[in-house]
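Before any comments, here is the structure.
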Amino acid sequence: MGFLNTGFIKAAIDFILLHNDNYNFEVLREKMNSLEQQIMNVEKILQKYVSNLESNLLK
Numbered sequence: 009m010g011f012l013n014t015g016f017i018k019a020a021i022d023f024i025l026l027h028n029d030n031y032n033f034e035v036l037r038e039k040m041n042s043l044e045q046q047i048m049n050v051e052k053i054l055q056k057y058v059s060n061l062e063s064n065l066l067k
């Protein structure tokens, strides 16, 4: 790590890196939650289409 030689103490650098990792984790978690919701919405739409298709085929 090149910034270890900038005068910052290791504890400060560790804190910054941990904070950055936590931020990245939170962003990824929010994106995953959003994707899960989108997948559930697509599943509902597909179920409606399949149901409509089945009912049309039975006519």
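First residue of the sequence shown? That's 9 in the working numbering, and the numbers climb one at a time after it.
Ideal placement from N, C-alpha and C gives every residue a C-beta, glycine not left out.
{"query": "Boundaries of the alpha helix (DSSP H) in which K67 is found, first to last residue", "result": "Note, K67: premise wrong, no alpha helix (DSSP H); not H, not E."}
{"query": "Separation of Q55 from L43, as counted between CA atoms", "result": "18 Å"}
{"query": "Pairwise C-alpha distance: E62 and V50", "result": "18 Å"}
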